[in-house]
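So the number in my numbering is just where the residue sits in the sequence shown, counting from 1, plus 415.
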Amino acid sequence: MAALSPAATLLHKHTYTLGRSLYIPLTCRCNSTPLPITRGPGFLLPKSIADALISVRNVECGEDRRLDGDGDGEERVAMPNFPKKWLVDCLYENVFEKSPFQRNVEQECNGSSIGVMDDKIRPSISTLIDEVISRLDSDSYDNTPPSPSFDQVVIAGEGEPTLRMDALLAVSRQIQSHRKERSEAPLPIRVITNGLVYTVPNFGYSPYNSKRNGPFPLHRHVVLRDMMEAGISRISVALNTANRHEYDVLMEPCCYSSGRTMPGTAHDMVCEFILEAAKVGMEVEITGIDRPDVDKVETDRLARLLLSVADKSKRSKVRWRKYFQ
């Protein structure tokens with residue numbers, strides 16, 4: 416493998432760790448209420464994690480925020496308010512536009528020499544790959560050797576990672592390629608998502624951006640295949656409720672459908688994504704927030720139905736997360 420770029424030697428500021436898991440945030444923007452916010456107004460994060468998420472905000476949206484405190488010990492903090500302007504259904508303005516990432520892929524296929532495939536969003540794909548490979552090479556989950564290696568990579572953060580599918584696939588492929596070069600087994604990669612990937616009108620990398628099946632892009636039928644081919648084997652999907660209209664209230668989805676939001680459409684798309692992911696063999700975890708206004712019995716029943724197409728060894732109950740008042 417080629418030597419790491421100078422960026423890999425810098426402080427690990429965009430990624431963070433929990434136990435033996437390496438977390439990779441790709442964006443601060445989201446197509447629904449961000450999952451950390453759904454945990455309630457009293458939800459706090461370890462300062463080291465909040466610092467990493469804010470660093471993504473700073474480079475992606477041109478902010479210059481800092482949290483008070485030194486981050487030592489068990490200090491926990493609240494994230495700054497999430498601006499409504501960061502609620503978007505797509506990170507590419509033109510649904511027919513090809514991202515720089517897609518153009519680089521085409522040039523490489525035509526015999527041109529391309530260094531790192533990248534897009535216009537920050538933190539750049541190359542920056543993320545450098546930081547992740549540096550983390551993996553250190554074989555450290557807390558930056559204080561000696562320590563055991565990571566047992567999984569989790570692609571998650573404040574924003575929705577599937578909005579930036581080109582980066583998600585590129586980083587995942589690079590992780591598995593790096594493991595192969597070191598004669599190591601593939602590393603489990605899990606994506607924590609709101610499940611609205613089928614409503615995203617433009618992934619940037621996809622050759623199907625300009626084609627439609629009704630109001631939705633054709634690429635929704637190949638995205639699971641692309642994720643699995645990149646080495647992603649696990650997904651955690653926030654279903655949150657069995658009621659499609661309650662979902663709209665809880666999650667405020669920016670659902671793309673004929674240029675407007677259609678009530679209930681977003682929940683339907685989340686259910687379709689879960690069902691198809693289970694059907695193709697992914698390990699699917701369904702999550703919800705334990706709120707008093709959510710019918711947990713009905714949500715558990717819907718989850719069992721959606722996962723009934725999966726192999727019995729891959730079926731699981733809803734993971735209910737605590738709501739913080």
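C-beta: ideal position from N, C-alpha, C; glycine also. What you are looking at is a predicted structure, and each value in this text was computed from that prediction instead of being measured.
Beta bridge counterpart(s) of residue i as assigned by DSSP
| i | result |
| --- | --- |
| residue 431 | 438 |
| residue 606 | 570, 650 |
| residue 357 | This structure leaves residue 357 out entirely; the chain is present only between 416 and 740. |
Cβ neighbour criterion (16 or more within 10 Å) applied to residue i
| i | result |
| --- | --- |
| residue 720 | exposed |
| residue 705 | exposed |
| residue 446 | buried |
| residue 725 | buried |
| residue 743 | Within the shown structure, residues of the chain are numbered from 416 to 740, placing residue 743 beyond reach of any answer. |
| residue 739 | exposed |
| residue 504 | buried |
| residue 496 | exposed |
| residue 695 | exposed |
| residue 433 | exposed |
| residue 457 | exposed |
| residue 498 | exposed |
| residue 587 | buried |
| residue 449 | buried |
| residue 707 | exposed |
| residue 470 | buried |
Nearest-angstrom Cα separation, counted from residue j out to residue i
| i | j | result |
| --- | --- | --- |
| residue 516 | residue 581 | Legend: pLDDT at residue 516 = 47, less than 50; position of this residue unreliable, no value from coordinates given. |
| residue 502 | residue 668 | 8 Å |
| residue 605 | residue 553 | 21 Å |
| residue 607 | residue 733 | 14 Å |
| residue 645 | residue 664 | 34 Å |
| residue 597 | residue 540 | 22 Å |
| residue 477 | residue 538 | 11 Å |
| residue 612 | residue 715 | 22 Å |
| residue 602 | residue 681 | 31 Å |
| residue 480 | residue 472 | 8 Å |
| residue 690 | residue 483 | 43 Å |
| residue 736 | residue 545 | 33 Å |
| residue 718 | residue 701 | 7 Å |
| residue 599 | residue 687 | 34 Å |
| residue 474 | residue 727 | 43 Å |
| residue 451 | residue 610 | 15 Å |
| residue 660 | residue 670 | 13 Å |
| residue 595 | residue 730 | 29 Å |
| residue 585 | residue 542 | 12 Å |
| residue 491 | residue 439 | 20 Å |
| residue 570 | residue 647 | 10 Å |
| residue 500 | residue 506 | 12 Å |
Reduced DSSP category for residue i - H, G, I as helix; E, B as strand; rest coil
| i | result |
| --- | --- |
| residue 726 | coil |
| residue 702 | strand |
| residue 495 | coil |
| residue 737 | strand |
| residue 461 | strand |
| residue 595 | helix |
| residue 507 | coil |
| residue 544 | helix |
| residue 656 | coil |
| residue 661 | helix |
| residue 689 | helix |
| residue 483 | coil |
| residue 456 | coil |
| residue 611 | coil |
| residue 471 | helix |
| residue 538 | coil |
| residue 580 | helix |
| residue 694 | helix |
| residue 408 | An answer regarding residue 408 cannot be provided, because it is not within the stretch 416 to 740 covered by the chain. |
Integer-rounded CB distance, given that residue j should sit under 8 Å from residue i
| i | j | result |
| --- | --- | --- |
| residue 364 | residue 590 | With the chain running from 416 to 740 in the structure shown, residue 364 is simply not present. |
| residue 692 | residue 699 | 5 Å |
| residue 437 | residue 550 | 6 Å |
| residue 566 | residue 435 | 5 Å |
| residue 574 | residue 454 | The pair is not a contact, with the Cβ atoms about 15 Å apart (cut-off 8 Å). |
| residue 615 | residue 583 | Contact flag wrong, Cβ pair sits at about 11 Å. |
| residue 494 | residue 465 | 6 Å |
| residue 712 | residue 703 | In fact, because the Cβ distance is near 12 Å, the residues do not count as touching under 8 Å. |
| residue 666 | residue 655 | 7 Å |
| residue 536 | residue 430 | Between residue 430 and residue 536 the Cβ distance is about 16 Å, and since that is not below 8 Å, they are no contact. |
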